[in-house]
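Asker:
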Ligand SMILES: Nc1ncnc2c1ncn2[C@@H]1O[C@H](COP(=O)(O)OP(=O)(O)OP(=O)(O)O)[C@@H](O)[C@H]1O
Ligand SMILES: [Mg+2]
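In structure tokens:
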């Protein structure tokens with residue numbers, strides 16, 4: 001690129017110089033030819049009288065004398081014109097040689113300067129290339145941090161830095177996710193192994209003890225199944241929406257409340273449902289999972305004798321579902337992290353009553369459907385979650 005830029009500068013300089021030289025040469029040649037014709041006739045007229053003296057001495061008739069004078073005049077004019085033309089040619093030749101010499105010199109100088117300027121201009125590109133080479137999955141912490149004028153290359157470097165920042169955050173979150181998922185998956189396995197080992201270590205184990213161990217193992221297997229199923233759902237929604245079908249959030253919310261009726265009675269919680277049609281186009285399985293997760297959370301993370309409010313409908317051309325519930329007071333700064341995988345308010349990693357993936361799935365489904373989600377803590381305790389999904393036409 002440096003060579004190309006230098007060659008381009010030089011070629012343009014040569015072109016502009018040649019045009020300038022051509023124009024100057026033409027103008028000088030033109031003015032010289034006008035001047036030399038005038039100078040020739042002036043010279044001829046100056047020497048005309050002395051030249052005619054050549055004819056006056058001899059005793060020839062007047063007619064011959066006139067012809068002689070005319071011939072002398074003509075040859076004088078021709079000689080003057082020839083000398084003026086020779087002078088003009090010499091001047092033009094000098095002009096051409098010196099101009100071409102100067103042009104060659106300046107082209108070489110401009111090529112040298114162009115090479116230096118192009119090198120300087122492209123220096124940040126080398127910095128960007130070097131940073132891109134150094135960047136790898138293990139090392140995304142370095143930044144170019146280009147200083148200097150606010151030009152296109154600075155913009156490119158800043159964009160590159162921002163991209164490295166995003167990649168760094170994405171890889172870090174992926175590593176965290178893998179570590180958390182492994183930890184969560186290991187927990188039920190540890191529970192099973194401990195239950196089996198402890199029971200088998202007892203010399204005179206009874207039928208009851210064996211059955212208790214089997215029940216414990218079964219619970220752990222169930223938890224692992226739920227966890228794996230949640231992980232698969234998350235992976236599926238992260239892949240994006242495959243087939244889109246019409247789904248009504250009101251119907252899905254009603255189904256979710258029906259399915260959770262045992263839990264509602266068990267806690268118990270008061271339910272307020274304002275379900276109006278909220279049609280959206282999307283993956284029905286994922287959207288149904290979104291609604292179920294929101295309703296389940298509102299019931300599960302509630303206080304005894306609390307309440308939940310579920311509202312669906314259409315707002316600003318989009319289908320919405322708002323779920324609010326009473327509950328413990330949630331610190332405002334921990335609200336955004338609830339949408340991250342395996343984040344729970346109480347530190348209950350590996351607890352059997354939740355995988356910590358419910359809200360991550362909700363967010364992933366919302367993103368896959370190009371919707372919006374907002375989560376707000378309630379001052380009196382509990383949470384308010386609002387999800388907007390593109391309307392039927394959207
Ligand atoms: N409606 C809610 N009210 C109060 N706290 C909530 C509510 N929804 C979620 N939370 C808090 O956010 C945490 C994360 O929720 P999320 O649904 O992701 O996981 P989970 O409910 O613990 O497990 P599961 O994967 O089984 O849903 C919960 O553990 C709870 O502390
Ligand atoms: Mg949940």
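Numbering (our numbering), first residue to last: 1 to 394. Beta carbons are placed, not taken as given, at the ideal position from N, Cα and C, and that holds for glycine. Predicted model, so just to flag it, every value in this text is computed and none were measured.
1. Which residues are close to ligand 2, meaning CB closer than 6 angstroms to any heavy atom, in chain order?
2. By Cβ distance below 7 angstroms, which residues in the same chain neighbour residue 370 in space, the five residues on each side in sequence not counted?
3. With respect to the alpha helix (DSSP H) encompassing residue 99, which residues constitute its N-terminal and C-terminal limits?
4. Excluding the five sequence neighbours on either side, which residues of its own chain have a C-beta within less than 6 angstroms of the C-beta of residue 317, listed in chain order?
5. Given this structure, state the Cα-to-Cα distance separating residue 332 from residue 324, to the nearest angstrom.
6. Going by beta carbon distance, what residues of the same chain come within less than 7 angstroms of residue 351, once the five residues before and after it are set aside?
7. Taking contact to mean 3 or more Cβ pairs, one atom from each stretch, closer than 8 angstroms, check whether the stretch 19-31 and the stretch 108-116 are in contact.
8. Using the three-state DSSP reduction, which class does residue 390 fall into: helix, strand or coil?
9. Is the separation between the beta-carbon of residue 360 and that of residue 185 shorter than 8 angstroms?
10. What do you get for residue 93, buried or exposed, if any count of 16 or more other CB atoms within 10 angstroms of its CB means buried?
11. Determine whether the beta carbon atoms of residue 407 and residue 303 lie at a separation below 8 angstroms.
12. Taking only three categories from DSSP, how would you classify residue 279?
13. At the level of alpha carbons, what is the spacing between residue 321 and residue 189?
14. Mapping DSSP to helix, strand and coil, what is residue 314?
15. Could you tell me the distance, in whole angstroms, from the CA atom of residue 3 to the CA atom of residue 156?
16. According to DSSP, is residue 308 part of a helix, a strand, or is it coil?
17. What do you reckon, are the CB atoms on residue 118 and residue 6 nearer than 8 angstroms?
18. Would you kindly check if the distance between the Cβ of residue 282 and the Cβ of residue 241 is under 8 angstroms?
19. Any chance the stretch 329-343 sits against the stretch 287-294, with 3 or more Cβ pairs inside 8 angstroms?
20. Using only alpha-carbon positions, find the residue among 82, 15, 239, 201 that is nearest to residue 41.
21. For residue 197, does the three-state DSSP call read helix, strand or coil?
22. Examine ligand 1 and report whether any of its heavy atoms sits within less than 7 angstroms of the Cβ of residue 174.
Answerer: So, from the data block:
1. With the cut-off at 6 angstroms, the residues found are 293, 296, 297, 354, 358.
2. Closer than 7 angstroms at Cβ, skipping near neighbours: 390.
3. Its alpha helix (DSSP H) spans residues 62-134.
4. The beta carbon of residue 317 sits closer than 6 angstroms to those of 391, all from its chain and outside the five residues before and after it, given in chain order.
5. Computed Cα separation, rounded: 16 angstroms.
6. The pLDDT assigned to residue 351 is 48, lower than 50, so where the model puts this residue is not dependable; a value taken from the coordinates is nonetheless given after this. No residues qualify anywhere along the chain.
7. Because the criterion of three Cβ pairs below 8 angstroms is not met, the stretch 19-31 and the stretch 108-116 do not touch.
8. Note: residue 390 maps to strand in three-state DSSP.
9. In this structure, residue 360 keeps its C-beta atom at 8 angstroms or more from the C-beta atom of residue 185.
10. So residue 93 counts as exposed.
11. Only positions 1 to 394 of the chain appear in this structure, which leaves residue 407 out of reach.
12. Strand.
13. One C-alpha to the other measures close to 37 angstroms.
14. Reduced to three states, the DSSP call for residue 314 is strand.
15. Their backbone Cα atoms lie some 22 angstroms apart in a straight line.
16. Strand, per DSSP.
17. Yes, these two residues count as a Cβ contact at 8 angstroms.
18. Yes, Cβ-Cβ distance for residue 241 and residue 282 is below 8 angstroms.
19. Contact between the stretch 329-343 and the stretch 287-294 is absent, with fewer than three C-beta pairs closer than 8 angstroms.
20. In this structure, 82 is the residue among 82, 15, 239, 201 with its C-alpha nearest to the C-alpha of residue 41.
21. Helix at residue 197.
22. It does not: the Cβ of residue 174 is nowhere closer than 7 angstroms to a heavy atom of ligand 1.
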